[in-house]
Amino acid sequence: MDFINTNDEGNELRLQFLKDGLVFSNTSFILEYIEKLVSGSGADRIVLDLGAVTHIDSSAVGMLITLKQGIGKMGKSMRLAGLTDNVRRIFKFLEISDFINAA
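For the sequence shown, counting from 1, position 20 maps to 286 in the numbering used here; every step adds exactly one.
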């Protein structure tokens, strides 16, 4: 997939987003893709690296919440890494930074 670079190293699955926008037009496809990767991985920790993402809309926020809940049900943990200032501001405004483990 040209949206995400995958690095599966034992106990950690790191997914690095490569596009600057995480928006409605790509979230359902990305959600399905990540769910397949996670369920097929033996990793306990899932790290979503959003360092390249400069814009995120409400559908992408919903996707991240859905991912967090689904990954938790699998007995795995998820955290976000490399947040840009704009994405961090959106998470703080929505008061979800702690819920989705935005570092």
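Using N, Cα and C, we set each Cβ at its ideal position, and we do this for glycine too.
query: Is the beta carbon of L314 less than 8 Å from the beta carbon of M340?
result: Looking up residue 314 in the sequence shown gives position 48. Looking up residue 340 in the sequence shown gives position 74. For L314 and M340, no; Cβs fall outside 8 Å.
- request: To the nearest angstrom, report how far apart T293 and K342 are at their CA atoms.
  value: Walking along the sequence shown from the start, residue 293 turns up at place 27. Walking along the sequence shown from the start, residue 342 turns up at place 76. Going by C-alpha positions, T293 is about 21 Å away from K342.
task: Please report how far the alpha carbon of G276 lies from the alpha carbon of Q282, in whole angstroms.
output: Translated into the one-based positions of the sequence shown, residue 276 becomes position 10. Translated into the one-based positions of the sequence shown, residue 282 becomes position 16. Straight-line Cα distance between these residues: approximately 17 Å.
- prompt: Does DSSP put F359 in a helix, in a strand, or in coil?
  reply: Translated into the one-based positions of the sequence shown, residue 359 becomes position 93. Of the three classes helix, strand and coil, the one that applies to F359 here is helix, per DSSP.
message: Cutting at 7 Å between CB atoms, please list the residues of its own chain near L297, excluding the five before and the five after it.
response: Against the sequence shown, residue 297 aligns to sequence position 31. The residues are M329, T332 and L333.
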